[in-house]
Amino acid sequence: MSSSLPAVLPIQPFTRPVRGEVTLPGSKSLTNRALLLAALCKEKVVLTGALFSEDTHLMVEALKALGFTVNANADAGTIEVSDQTNGFKKTEPVDLHVGLAGTAARFLTALCAAAPRGVYRIDG
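Sequential numbering from 200 applies to the sequence shown in the numbering used here.
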């Protein structure tokens, strides 16, 4: 297999200061962790730089099913979690579908286990 790159690749040093900005992509794992923590807060939380993926969508939908108010704005990259006092108020059993989102399944298991009341079924 031949390489199209030269054996030596010269690197030119900068002749003046360099300025720039790097925006790293979000992480579904970090976004779901932040969503879990936001659900545990007593006041509105706005997450910025959130990654919008199937896993985070499933986590958002599960939090809504638990009674939390969650507003996601993919264009702005923000997710707002509020009305946390409404979480876990449902009297009927709650089904939470997490698909293949293992992180969401683990976090929701812990969250529901700590709930003051309720019956929860997590499937995926």
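Yeah, the Cβ is synthetic: ideal placement off N, Cα and C, and Gly gets one too.
Hey, would you say residue i sits closer than 9 Å to residue j, going by beta carbons?
| i | j | result |
| --- | --- | --- |
| residue 295 | residue 271 | no |
| residue 306 | residue 235 | yes |
| residue 225 | residue 276 | yes |
Can you tell me whether residue i is buried or exposed? The criterion is at least 16 other CB atoms within 10 Å of its CB, across all chains shown.
| i | result |
| --- | --- |
| residue 286 | buried |
| residue 213 | exposed |
| residue 254 | buried |
| residue 210 | exposed |
Nearest-angstrom Cα distance between residue i and residue j?
| i | j | result |
| --- | --- | --- |
| residue 301 | residue 248 | 21 Å |
| residue 323 | residue 206 | 50 Å |
| residue 233 | residue 227 | 10 Å |
| residue 252 | residue 303 | 12 Å |
| residue 257 | residue 298 | 7 Å |
| residue 311 | residue 237 | 15 Å |
| residue 283 | residue 246 | 15 Å |
| residue 315 | residue 259 | 20 Å |
| residue 266 | residue 288 | 7 Å |
| residue 269 | residue 318 | 21 Å |
| residue 273 | residue 250 | 8 Å |
Excluding the 5 residues flanking residue i on each side, which residues of the same chain have their C-beta closer than 6 Å to its C-beta?
| i | result |
| --- | --- |
| residue 320 | 294 |
| residue 244 | 237, 280 |
| residue 292 | 318 |
Got a sec? Which residues, its chain only, sit under 7 Å from residue i by beta carbon, not counting five neighbours each side?
| i | result |
| --- | --- |
| residue 231 | 254, 255, 258, 302, 303, 306 |
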